[in-house]
Amino acid sequence: MSGMKIEVHHVTRVEGHGNIVVDVKNGEIKECRFEVVEAPRFFEAFVRGRPYHELSHITSRICGICAVGHATTSLRATEKAFGVELSEQAWLLRKLNFHGEIIDSHVLHTYYLVAPDFFGTHSVIPLVETHREVVERALRIKKLSGDLCAMVGGRHTHPIAMTVGGFTHTPTEHELREMKERLEAARADMDATVDLFSTLPWPEFERETEYVSLHKDDEYAFIDGTIVTSDGFSYPIEDYKKVTNEYCVPFSTAKWTKHNRDSYMVGALARLNNNFDQLHPRAKEAAKKLGLQPIVTNPFLNTAAQVVEMVHCVEDCIQIIDELLSRGIKPEEPPAVEVKASEGVGACEVPRGILFHHYAYGEDGRCTEANCIIPTNQNMANLNLDMQALLPQILDRPQEEIRHLLEMLVRAYDPCISCSAHFLTVEFV
Amino acid sequence: MAGNKSQGAKSQGAKSQGKVKVAFFDFACCEGCQLTVIDSLQTHLDLLEAVEIVNFREASSEGRQDYQIAFVEGSITREQDEERLRRIREQADILVALGACAHTAGVNALKNLKPLDEVRQYVYGEHADWYDTYPARPISAVVEVDAFIPGCPIDREEFVEVVKALLVGKKPPIPDYPVCVECKLKGNVCVFHVGKVCMGPVTRAGCGAICPTYGDGCEGCRGLIPNPNENAMEEVLDEAGLTLDEIMDRFTMFNAYRELEAGE
Chain A
4 MSGMKIEVHH VTRVEGHGNI VVDVKNGEIK ECRFEVVEAP RFFEAFVRGR
54 PYHELSHITS RICGICAVGH ATTSLRATEK AFGVELSEQA WLLRKLNFHG
104 EIIDSHVLHT YYLVAPDFFG THSVIPLVET HREVVERALR IKKLSGDLCA
154 MVGGRHTHPI AMTVGGFTHT PTEHELREMK ERLEAARADM DATVDLFSTL
204 PWPEFERETE YVSLHKDDEY AFIDGTIVTS DGFSYPIEDY KKVTNEYCVP
254 FSTAKWTKHN RDSYMVGALA RLNNNFDQLH PRAKEAAKKL GLQPIVTNPF
304 LNTAAQVVEM VHCVEDCIQI IDELLSRGIK PEEPPAVEVK ASEGVGACEV
354 PRGILFHHYA YGEDGRCTEA NCIIPTNQNM ANLNLDMQAL LPQILDRPQE
404 EIRHLLEMLV RAYDPCISCS AHFLTVEFV
Chain B
2 MAGNKSQGAK SQGAKSQGKV KVAFFDFACC EGCQLTVIDS LQTHLDLLEA
52 VEIVNFREAS SEGRQDYQIA FVEGSITREQ DEERLRRIRE QADILVALGA
102 CAHTAGVNAL KNLKPLDEVR QYVYGEHADW YDTYPARPIS AVVEVDAFIP
152 GCPIDREEFV EVVKALLVGK KPPIPDYPVC VECKLKGNVC VFHVGKVCMG
202 PVTRAGCGAI CPTYGDGCEG CRGLIPNPNE NAMEEVLDEA GLTLDEIMDR
252 FTMFNAYREL EAGE
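Keeping their order, the protein sequence lines are chains A and B.
Okay, so the first sequence: first residue is 4 according to the working numbering, each after it adds one.
Okay, so the second sequence: first residue is 2 according to the working numbering, each after it adds one.
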């Protein structure tokens, strides 16, 4: 094929609006990129002036999928600014809520958004007729994770009870016991999920890159930790700008990031590569079954890494609930907050990768400066370099297949464009 | 306005006779309401026997334009959005605002409280000019809207009830009374009594008073009830010890668009 133009206007089964643009003339690739066309929303500008206790409630509205992730990261930034310490129970509940969202987001991506590519359907809906047990399993896991988030935070999308210093609501012992039973029963669904995804024919493609994530020695890091990269760098969270190094690119209005190379990758695959040792033994088994042995350099396998993380989170939730029950769960009043002129940085591994919220506050406890750096933005450069590396390898295939593979690559990154659009946009093509 | 279209739309698609074709679209939003729609299938998978989803970019790569009911999430923030929304209005027999961003402009309208140039400058610096944006508006500011489902996010059960009502040609059952009614029915301790503040007295019910139930005051995400007594609400907040700025915080978190319109 000597010439080809592909313009996928609004890639489907991703969160938000993005376009793929490919232009090949005489076998030479002129253009190959992914663009974000979501309407910008300006959260960082409009949270300035708002009181500190509103920040997590407003910024959770950046994203309907990772609302708990934004709220948690926001709360950590505020808590660090004012020196608020969490009780042990509050920590456990934060983790429980967070894990619930990781499972919820990953089941959405793996089953609802990615699986149709392998079943040859437009969406998960036709599978109700042809693969009902698969759909019912997905719905069951989704309901479990949603109910888990609701038990702790009141509801999954835009949690209510999470507040500076802790929670405004406490689950009961009965609710915890019931949830634990459901999580234990979900092990069968996790096994079936690992089985299903280990049979999928992932596209073959390798491109090694720098993998960036949080890290803790004693647990698989989701909340707090240090920033590490697979190229051997390590930074405290407060130095996040040394990793992100935002820059502008001439053909797109999107701000991208890079660290030691031309791009880096964040998300489940980066976490698995950097923190494999901290995974639960059952999750390690799942990784083995799925053929994931660090360093994994096929970006399509980000989806498989999400399956491993679901297994990990189910196991960790069971352990956390055991700990809460053995300590004795009781309502706790969050500590009083003493506001002061100060700043703080929060960092969490939300479903799609490392997320930073950085706020400054005035003496009155109102926000004066805000900066949020979103995983999807950090992945933009890497996704584009992957596309440019993949395209020459598949140029001899039918155009429809090329288009589909590029769409699948975009989807593998699980881009969350609503999140990214507080921050970037591109003109329509 | 779109009445004439219904015959055409209904006569098409013999493949799925009897099913009403629905579509989902979004503008500036977090897509949390569409996710809530997806979640409603956990308990209401039978909905798919009554409707056919022909356009839902977030969940499906099939995109057809022969829909009869359009659900629209998100606020309008750009000229190009208006054009797209008008095309949707043109096609749909029934247009439904899905969630706070579409219904009241939601948190998006917080940016309307600041000078637009400064807002763009702050986020995009020297490239501010590249970013097309104007003050956030609810979709009803651009086209006629037949029904709305309030909330940030929408309530799953309420969504199902609204769909059922629309399918049989009834007015969607959205309450006109305040959150306080539901809170009292639940037997919650009033959050004002434990030193917190709440917009429940003037905010539209239908959420089951979920925020007070989980220990937090109502933030007003479902918009205000018809003819709210705002003066009395301000007095209540004043008595609770809030400064004028803090009272404004409460009224603007989800209802900045309304406050600014009222002020003009």
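By construction, the Cβ of each residue, glycine as well, lies at the ideal position given by its N, Cα and C atoms.
query: Helix, strand or coil for ARG58(B) per DSSP?
result: Note: ARG58(B) maps to coil in three-state DSSP.
| message | Just to check my reading of the structure: PRO176(B) and ALA206(B) have Cβ atoms closer than 8 Å, yes? What is that Cβ distance to the nearest angstrom? | response | Confirmed, Cβ separation roughly 4 Å.
(Q) Is there a Cβ of chain B sitting closer than 8 Å to that of ILE106(A), yes or no? (A) Against chain B, the CB of ILE106(A) has no partner CB under 8 Å away; the residue lies outside that interface.
> Does GLY33(B) come within less than 8 Å of chain A when only Cβ atoms are used?
Replying inline: In terms of beta-carbon proximity, GLY33(B) lines the interface with chain A, with at least one pair separated by less than 8 Å.
When you compare the CB positions of ILE77(B) and ARG158(A), do they come within less than 8 Å of one another, or not? Going by C-beta atoms, ILE77(B) is not nearer than 8 Å to ARG158(A).
How would you list, in chain order, the residues of chain A whose beta-carbon sits under 7 Å from the beta-carbon of THR78(B)? Within chain A, the residues near THR78(B) are ALA42.
Is there a Cβ from chain B that is less than 8 Å from the Cβ of PRO354(A)? So, not an interface residue.
Can you list the residues of chain A that VAL36(B) reaches, using a CB-CB cut of under 8 Å? The question names Val, but residue 36(B) is Leu in the sequence shown. Ordered by position in chain A, the residues that pass the 8 Å Cβ test against LEU36(B) are GLY67, ILE68, LEU111 and THR160.
I want to know whether the region 35-55 of chain B touches the region 17-26 of chain B - three or more CB-CB distances under 8 Å. Touching, per the Cβ criterion.
Item checked: Nearest candidate by alpha-carbon position, reference LYS1(A), set GLU187(A), CYS375(A), ASN263(A) and PRO302(A) -> One cannot answer for residue 1(A) here, as it falls past the ends of chain A, which runs 4 to 432.
Buried or exposed: which applies to TYR250(A), given that a residue is buried once 16 or more other Cβ atoms fall within 10 Å of its Cβ?
Exposed, because fewer than 16 other Cβ atoms sit within 10 Å of the Cβ of TYR250(A).
*asked:* Whole angstroms are fine: how far does the CA of HIS20(A) sit from the CA of TYR132(B)?
replied: Looking at the two C-alpha atoms, the distance is approximately 16 Å.
Quick check: what's the CA-CA separation for GLU231(B) versus GLY224(B)? Each residue's Cα considered, the two are about 13 Å apart.
Q. So which residues on chain B does GLU57(A) lean against when the C-beta distance must stay under 8 Å?
A. Under the 8 Å cutoff, chain B gives ASP250 and MET254.
Along the beta strand (DSSP E) that carries CYS2(A), what are the first and last residues, could you check?
The structure shown does not extend to residue 2(A), since chain A is modelled only from 4 to 432, so the question has no answer here.
C-alpha gap between GLU82(A) and VAL108(B), whole angstroms
Each residue's alpha carbon lies about 23 Å from the other.
Point to revise | Run of the beta strand (DSSP E) containing GLY310(A), from where it starts to where it stops | key: Here residue 310(A) turns out to be Val, not Gly, going by the sequence shown. Careful: VAL310(A) lies outside any beta strand (DSSP E), inside the alpha helix (DSSP H) at 305-330.
Between ASN109(B) and chain A, is there a C-beta pair that is closer than 8 Å? Yes, because at least one Cβ of chain A sits closer than 8 Å to the Cβ of ASN109(B).
**Request:** For LEU386(A), collect the residues of the same chain with a Cβ closer than 6 Å to its Cβ; drop the 5 residues on either side in sequence, then sort them by chain order.
**Result:** Excluding residues within five positions, the ones whose Cβ falls inside 6 Å are PHE37 and TYR416.
### Message
With a threshold of 6 Å on Cβ separation, who are the neighbours of PHE25(B) within its own chain once the five nearest residues in sequence on each side are excluded?
### Response
For PHE25(B), where only same-chain residues beyond five positions count, the Cβ hits under 6 Å are GLN35, PHE57 and PHE72.
Notebook entry, point to check: Start and end of the beta strand (DSSP E) containing ARG36(A)?
Noted result: Per DSSP, ARG36(A) belongs to the beta strand (DSSP E) from 31-39.
Take PHE85(A) and list the residues in its own chain whose beta-carbon comes closer than 7 Å to its own, dropping the five residues that flank it on each side. Within the same chain, and ignoring the five residues on either side of PHE85(A) in sequence, the residues whose Cβ sits closer than 7 Å to its Cβ are VAL340, GLU341, VAL342, LYS343 and SER345.
Next item on the list: Starting from the beta carbon of VAL131(A), find every residue of chain B whose beta carbon is closer than 8 Å, and list them in chain order.
Entry: Per Cβ cutoff of 8 Å: LEU46 and LEU49.
Across the region 72-82 of chain A and the region 349-364 of chain A, are there enough close Cβ pairs to call them in contact, namely three or more that are closer than 8 Å?
Using a C-beta cut-off of 8 Å, the region 72-82 of chain A makes contact with the region 349-364 of chain A, since at least three inter-stretch Cβ pairs fall below that distance.
Q.
If the cut-off is 7 Å on Cβ atoms, which residues from the region 139-167 of chain B count as contacting chain C, listed in chain order?
A. No chain C is present in this structure, whose protein chains are A and B.
Three-state secondary structure (DSSP) at ALA51(B)?
Looking at ALA51(B) - three-state DSSP - the assignment turns out to be helix.
Please state whether the Cβ-Cβ distance between TYR114(A) and ILE39(B) is less than 8 Å. The beta carbons of TYR114(A) and ILE39(B) sit no closer together than 8 Å.
Interface partners of PHE72(B) on chain A, CB under 7 Å: Neighbours of PHE72(B) in chain A, taken as residues at a C-beta separation under 7 Å, are lacking, since the least C-beta distance is about 14 Å.
Exercise. Taking C-beta to C-beta, are CYS153(B) and VAL180(B) nearer than 8 Å?
Worked result: Taking 8 Å as the Cβ cut-off, CYS153(B) and VAL180(B) do not qualify as a contacting pair.
- Query: Given 8 Å as the limit, is there contact between the region 330-337 of chain A and the region 200-207 of chain A, that is, 3 or more CB pairs closer than that?
  - Reply: Result no; under three Cβ-Cβ pairs closer than 8 Å.
- Query: For GLY218(B) versus MET234(B), is the C-beta distance shorter than 8 Å?
  - Reply: No.
Would you kindly check if the distance between the Cβ of MET154(A) and the Cβ of GLU187(A) is under 8 Å? No, the pair does not count as a contact, with Cβ atoms beyond the cut-off.
Q. So, using beta-carbon positions, are LEU67(B) and PHE28(B) closer together than 8 Å?
A. The identity of residue 67(B) in the sequence shown is Asp, whereas the question assumes Leu. No; because the gap between Cβ atoms is not below 8 Å, this pair is not in contact.
Can you tell me whether DSSP reads ASP26(A) as helix, strand or coil? DSSP places ASP26(A) in the strand class (E or B) of the three-state scheme.
For chain B, find out if any of its Cβ atoms is closer than 8 Å to the Cβ of PHE426(A); answer yes or no.
Legend: pLDDT at PHE426(A) = 39, less than 50; position of this residue unreliable, value from coordinates given subsequently. Put simply, the CB of PHE426(A) is near chain B, with a gap under 8 Å to one of its CB atoms.
Would you decide whether LYS328(B) is buried or exposed? Buried here means 16 or more other CB atoms lie within 10 Å of its CB.
Absent from the structure is residue 328(B), since the part of chain B shown begins at 2 and ends at 265.
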